[in-house]
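Trainee: My structure is below; once you've seen it, I'll send some questions.
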Amino acid sequence: MRFIDEYRDGELVKGIVGKVNELLEELGREVKIMEVCGTHTMAIARHGLRNLFRRNLDLISGPGCPVCVTPGSGFSLVFQAAETGRTVATFGDMMRVPLNGRSLSTLRGEGFDIRVVYSPYDALKMAEEEPEKEFVMAGIGFETTSPLFASVILECNRRGVRNLRLISLFRLMPPALNTLLEAGDLQIDGLILPGHVSTIIGVKPYVEIVEKHGVPAVVTGFEPVDIVESIRMILRQLVENRRMVENEYTRTVRHEGNVKAVRLMQEVFKPVDAEWRGLGKIAGSGLALREEFRLFDAVEAYGLKPVETGEPPGCLCGEVIRGSRKPVECRLYRKICRPDNPVGPCMVSSEGTCAAYYYAGIEK
Amino acid sequence: MCLGIPGRIEEVRGTEATVSFGGTRRSVRLDLLDNVSVGDYVIVHAGFAIEVLDQETALQMLNTLREVFRE
Amino acid sequence: MRDKIVLEHGAGGRLMHELIGEISRSLKEPMKGVDKAVFKTPSGRIAFTADSFVMKPPVVKGCDIGMLSVNGTVNDLVTMGAKPEYLSLSLIVEEGLDKGFLMSIIESARDAARRARVKIATGDIKVVEKGGCDKIFINTSGVGRVYSGVKASTLNAKPGDAVIVTGSVGDHGAAVLAARGEFQLETDVSSDCMPLTSILETLIRKRIPFHTLIDPTRGGLATSLNEVAESSRAAIQVEEEKIPVKKEVSSLCEVLGIDFLYLGCEGRLIIFTPMEYAEETVKALRRTETGRETRLIGSVTGKSKTGEVRILTRAGGLRSLPMLHGIPLPRIC
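Dropping the structure here:
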């Protein structure tokens with residue numbers, strides 16, 4: 000596939016890794032780089048990149064898995080929508096997230112109408128084709144995804160579709176990054192920034208964060224060449240004592256981002272405080288529908304009430320999400336918690352750190 | 000976050016386009032972009048094109064990297 | 000003759016006999032006792048296997064449940080080191096199923112049996128009420144003669160063995176995924192459903208001393224390699240670059256975010272044979288119709304108490320390739 004294969008070139012990766020290891024040797028000390036995005040975690044695991052580097056590089060995963068950072072109370076709203084007879088449209092990742100022993104998958108088995116969609120636009124088409132049903136979209140994702148839902152809401156208005164609503168559980172990345180760095184306990188030396196979130200919001204939002212916390216950060220693509228090149232760029236900054244935001248993913252990320260997408264997102268949504276699993280409440284880190292679009296809010300329309308759920312006993316998801324612990328440090332990892340029997344969302348989600356570690360066969 | 004795959008625009012129909020991902024084809028929404036042409040490569044996330052891939056920049060970067068790092 | 004299958008078709012009366020008559024005429028086997036067959040016992044060892052098929056949807060590009068039910072059991076016999084000879088064909092049909100559709104499935108089974116050079120010796124048909132099954136379920140069992148001197152087992156893989164696959168992987172699984180239509184993807188992906196009989200015949204003729212034969216059906220190549228690794232207590236390593244995969248399969252998987260190594264094949268064999276026979280095996284199989292893309296993809300690198308499979312990725316990394324747990328639900332975001 001064009002613009003994928005070229006970035007999986009083993010020889011090119013080898014060459015860049017050689018330079019990375021030279022820089023690691025030069026730095027000598029342990030270097031901790033956090034890759035924020037779940038898709039990066041998966042890519043590193045899938046291509047077996049972790050053990051290409053010298054031992055003093057520690058790659059840790061951050062809170063970049065939207066399914067993982069959504070608290071149980073958020074999911075309970077989606078469950079309620081299904082249980083009260085609405086037709087729920089959701090991304091596939093959500094189907095097996097366990098909530099008190101059940102999942103959307105088991106609910107579907109019990110007869111509730113739950114549909115996996117590839118795109119929120121598919122939910123709109125379904126709603127049009129089945130006007131007698133009340134559709135509810137589970138809105139989970141970061142800035143890459145929320146503009147899509149904004150667009151669908153606007154299209155609903157345009158077409159007069161009144162049987163499609165949204166549970167907005169969207170989160171924003173920069174506030175979470177800020178909170179993570181503020182806590183200061185992780186001593187992160189560099190950040191691999193999410194390439195597709197940045198495609199939407201651009202490079203600018205990170206400048207302030209980097210200046211404040213003095214951590215080199217590189218906007219990164221998702222193929223092996225992108226990832227190793229980004230690591231090289233971070234290490235070079237450390238060696239040269241620079242602390243700035245750089246863009247590795249230049250073929251896709253513009254400095255100002257996708258202005259139109261941001262406008263659509265801001266037209267339909269407003270930032271609100273939101274709860275993150277593992278990070279607690281973060282100001283202005285979630286999205287809610289604006290006044291003129293409240294008619295699309297499923298929570299309001301159906302009087303849904305969030306139900307607090309605790310972490311399952313022994314589950315380290317929260318700490319894995321904030322990067323303070325690794326999946327291998329969890330007692331349940333691999334022994335009880337596996338993709339076929341997930342205890343927490345980090346093992347279920349295709350972007351979850353525990354799932355990535357499991358599929359890469361990492362045991363210690 | 001999140002899965003976004005590059006594909007080639009094969010046909011444009013107003014707010015939708017047919018995109019080919021190495022042979023696998025799907026209809027994709029163009030609501031987030033203003034100017035898309037047949038032959039462009041776009042990054043597609045959940046059925047929407049989120050940006051046009053800058054082919055020139057991509058090739059330049061690859062060439063530079065290859066010159067420096069590939070034997 | 001009516002258009003739809005009704006419960007009476009399975010009740011044992013005239014309607015059922017008419018239907019069976021129609022089916023056996025189509026299969027071109029005079030099924031004397033209908034659900035019985037008698038054979039002379041050959042000397043040597045007999046391989047016997049059974050499998051049920053519940054393919055959904057029952058028709059995908061390049062394959063339907065009739066064809067699958069024949070080739071599936073034929074290939075099971077092949078992995079046991081046997082020449083497949085006779086099959087039974089038992090159908091469970093949902094009330095209301097279109098009769099023309101049923102007959103087309105029968106015809107597929109017939110054509111597949113002909114191609115695989117096996118005889119459908121006996122069978123049965125039952126009809127259940129609407130909702131009692133999903134359109135049509137098929138069970139086939141098969142018998143064959145194990146080639147003299149052959150001992151192919153998942154327990155036998157040895158350090159130093161070559162791991163050879165007879166063609167591109169993931170085709171069938173991808174075809175089923177594409178046919179499910181939930182993701183509205185247009186693709187040219189086609190199932191690889193075919194009999195592996197001639198592959199085994201070639202190995203026998205060339206006197207290749209294989210240790211293990213396995214067909215990567217449910218769970219794909221990765222799962223099958225893990226099964227062998229576990230049974231044989233072996234460490235296996237394969238190279239991503241060497242694993243044959245069709246462009247339409249790999250691109251479909253990229254779009255959906257799934258790994259083609261976990262998608263099933265229905266016309267591929269994985270062969271474990273001492274490395275010194277690898278080149279000869281690959282050459283010989285490439286000359287067969289069904290093994291044209293045979294490739295050496297890795298080797299058994301040593302022993303491992305728990306069984307271990309690793310893959311050298313295209314990017315040059317080395318990672319573990321675990322067994323499939325659960326169903327590969329496509330990644331969306």
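Chains as they are written, first to last, in numbering that gives the first Met the number 0: chain C, 0 to 363; chain V, 0 to 70; chain D, 0 to 332.
For glycine and all other residues, C-beta sits at the position ideal for the given N, C-alpha and C.
Note that the structure is a prediction, hence the values are computed from the model and not measured.
For the alpha helix (DSSP H) that S250(D) lies in, which residues bound it at each end?
Mentor: In the third sequence, counting from the first residue as 1, residue 250(D) sits at position 251. Segment 246 to 255, the alpha helix (DSSP H) holding S250(D).
Trainee: Taking only three categories from DSSP, how would you classify L58(C)?
Mentor: The residue you call residue 58(C) lines up with position 59 of the first sequence. Looking at L58(C) - three-state DSSP - the assignment turns out to be strand.
Trainee: Report the rounded CA-to-CA distance for F148(C) versus P119(C), giving the unit in angstroms.
Mentor: Within the first sequence, numbered from 1, the residue matching residue 148(C) stands at position 149. Within the first sequence, numbered from 1, the residue matching residue 119(C) stands at position 120. Roughly 6 Å separates the two Cα atoms.
Trainee: Report yes if the C-beta distance between E247(C) and T38(C) is below 8 Å; otherwise report no.
Mentor: Along the first sequence, read from residue 1 onward, the residue named residue 247(C) stands at position 248. Along the first sequence, read from residue 1 onward, the residue named residue 38(C) stands at position 39. In this structure, T38(C) does not lie closer than 8 Å to E247(C) by Cβ.
Trainee: Between the C-alpha atoms of P172(D) and C316(C), what's the straight-line distance to the nearest angstrom?
Mentor: In the third sequence, residue 172(D) corresponds to position 173, counting from 1. In the first sequence, residue 316(C) corresponds to position 317, counting from 1. In the sequence as presented, Pro is not what sits at residue 172(D); that position holds Gly. Going by the C-alpha atoms only, they are around 32 Å apart.
Trainee: Tell me whether the beta-carbon of V92(D) lies closer than 8 Å to the beta-carbon of P83(D).
Mentor: Counting from one through the third sequence, the residue named residue 92(D) turns up at place 93. Counting from one through the third sequence, the residue named residue 83(D) turns up at place 84. Their beta carbons are not under 8 Å apart, which means V92(D) does not touch P83(D) by this criterion.
Trainee: Should the region 173 to 193 of chain D be regarded as contacting the region 260 to 274 of chain D, the criterion being three or more beta carbon pairs within less than 8 Å?
Mentor: Taking 8 Å as the limit for Cβ pairs, the verdict is that the region 260 to 274 of chain D does touch the region 173 to 193 of chain D.
Trainee: Per DSSP, what are the beta-bridge partners of A233(D) in this structure?
Mentor: For the purposes of this step, residue 233(D) is taken as the residue at position 234 of the third sequence. Answer is K302(D).
Trainee: Any idea which residues DSSP pairs K3(D) with across the strands?
Mentor: If you number the third sequence from 1, residue 3(D) lands on position 4. D97(D).
Trainee: Please list, in chain order, all residues of the same chain as K31(D) whose beta carbon is under 7 Å from its beta carbon, the five residues on each side excluded.
Mentor: Mapped onto the third sequence, residue 31(D) falls at position 32. For K31(D), the predicted structure reports a pLDDT of 45, less than 50, and the residue's modelled location is therefore unreliable. The matter cannot be settled from this model.
Trainee: Check the C-beta distance from P70(C) over to V342(C) and give it rounded, since I have them as a contact under 8 Å.
Mentor: Taking the first sequence and counting its residues from 1, the one referred to as residue 70(C) is at position 71. Taking the first sequence and counting its residues from 1, the one referred to as residue 342(C) is at position 343. At roughly 16 Å, the Cβ-Cβ gap does not stay under 8 Å, so P70(C) and V342(C) are not in contact.
Trainee: From D133(D) to K60(D), what does the alpha carbon distance come to, in whole angstroms?
Mentor: In the third sequence, counting from the first residue as 1, residue 133(D) sits at position 134. In the third sequence, counting from the first residue as 1, residue 60(D) sits at position 61. Spanning the two alpha carbons is a distance of roughly 19 Å.
Trainee: Looking at chain C, is there any beta carbon in it that lies within less than 8 Å of the beta carbon of R179(D)?
Mentor: On the third sequence, position 180 is the one that residue 179(D) refers to. No, no contact with chain C.
Trainee: Does DSSP put P119(C) in a helix, in a strand, or in coil?
Mentor: Residue numbering aside, residue 119(C) sits at position 120 when the first sequence is read from its first letter. If DSSP states are grouped into helix, strand and coil, P119(C) belongs with the helices.
Trainee: Check whether the Cβ atoms of F295(C) and L288(C) sit closer than 8 Å, and answer yes or no.
Mentor: The residue you call residue 295(C) lines up with position 296 of the first sequence. The residue you call residue 288(C) lines up with position 289 of the first sequence. Yes, the pair counts as a contact, with Cβ atoms nearer than the cut-off.
Trainee: I want to know whether the region 25 to 32 of chain C touches the region 225 to 236 of chain C - three or more CB-CB distances under 8 Å.
Mentor: Cβ pair count under 8 Å is three or more, so yes.
Trainee: Are F209(D) and F271(D) close, meaning C-beta to C-beta below 8 Å?
Mentor: By one-based count along the third sequence, residue 209(D) stands at place 210. By one-based count along the third sequence, residue 271(D) stands at place 272. Contact flag set, yes.
Trainee: Can you find a CB in chain C that lies within less than 8 Å of the CB of A314(D)?
Mentor: Your numbering for residue 314(D) matches position 315 in the third sequence. Yes, A314(D) lies at the interface with chain C (some Cβ there is under 8 Å from its Cβ).
Trainee: Does the beta carbon of T14(V) sit closer than 8 Å to a beta carbon anywhere in chain D?
Mentor: Here residue 14(V) is taken as the residue at index 15 of the second sequence, counted from 1. Closer than 8 Å: no.
Trainee: At a Cβ cut of 8 Å, what residues of the region 242 to 259 of chain D count as close to chain V, listed as they run along the chain?
Mentor: Those would be K246, E247, S249, S250, L251, E253, V254, G256, in chain order.
Trainee: Would you say M243(C) and P215(C) are within 8 Å of each other, going by their C-beta atoms?
Mentor: Counting from one through the first sequence, the residue named residue 243(C) turns up at place 244. Counting from one through the first sequence, the residue named residue 215(C) turns up at place 216. Yes, the pair counts as a contact, with Cβ atoms nearer than the cut-off.
Trainee: Using Cβ-Cβ distances below 7 Å, what residues of the region 155 to 185 of chain D are close to chain V?
Mentor: Within the region 155 to 185 of chain D, the residues whose Cβ lies closer than 7 Å to some Cβ of chain V are Q183, L184, E185, listed in chain order.
Trainee: Taking all protein chains shown into account, decide if T43(D) is buried (16 or more other Cβ within 10 angstroms of its Cβ) or exposed.
Mentor: For the purposes of this step, residue 43(D) is identified with residue 44 of the third sequence, where counting begins at 1. Checking the displayed sequence, the identity of residue 43(D) turns out to be Gly instead of Thr. Its Cβ having fewer than 16 others within 10 Å, G43(D) is exposed.
Trainee: So F20(V) contacts chain D; which residues on that side make the cut at Cβ distance below 7 Å?
Mentor: The residue labelled residue 20(V) in the question sits at position 21 within the second sequence. Within 7 Å Cβ-Cβ: S250, E253, V254.
Trainee: I'd like to know whether the C-beta atoms of A233(D) and P158(D) end up nearer to each other than 8 Å.
Mentor: Sequence index remark: in the third sequence, residue 233(D) carries index 234 (1-based). Sequence index remark: in the third sequence, residue 158(D) carries index 159 (1-based). Cβ atoms of A233(D) and P158(D): closer than 8 Å.
Trainee: Within 10 Å of its beta-carbon, does L103(C) have 16 or more other beta-carbons around it, so buried, or fewer, so exposed?
Mentor: Sequence index remark: in the first sequence, residue 103(C) carries index 104 (1-based). Classification for L103(C): buried.
Trainee: Along the chain, which unbroken stretches of the alpha helix (DSSP H) at least 4 residues long are found entirely within the region 210 to 271 of chain C?
Mentor: Segments of the alpha helix (DSSP H) lying fully in the region 210 to 271 of chain C: 223 to 238, 258 to 267.
Trainee: Rounded to whole angstroms, how far is the Cβ of D50(D) from the Cβ of D75(D), which I believe are closer than 8 Å?
Mentor: The sequence position of residue 50(D) within the third sequence is 51, counting from 1. The sequence position of residue 75(D) within the third sequence is 76, counting from 1. Their Cβ separation, rounded to whole angstroms, is 6 Å, which keeps D50(D) and D75(D) in contact under 8 Å.
Trainee: Are I22(D) and I105(D) close, meaning C-beta to C-beta below 8 Å?
Mentor: On the third sequence, residue 22(D) is found 23 positions in, with the first residue counted as 1. On the third sequence, residue 105(D) is found 106 positions in, with the first residue counted as 1. Against a cut-off of 8 Å, the Cβ pair of I105(D) and I22(D) comes out as a contact.
Trainee: Restricting to Cα atoms, I'd like to know which of R49(C), L26(C), I361(C) is closest to A314(D).
Mentor: The residue labelled residue 314(D) in the question sits at position 315 within the third sequence. Out of R49(C), L26(C), I361(C), R49(C) has the C-alpha closest to the C-alpha of A314(D).
Trainee: Look up V149(D) in the DSSP assignment and say whether it is helix, strand or coil.
Mentor: To locate residue 149(D), count along the third sequence from 1; it is residue 150. In the structure shown, V149(D) sits in coil (DSSP, three-state: anything other than H, G, I, E or B).
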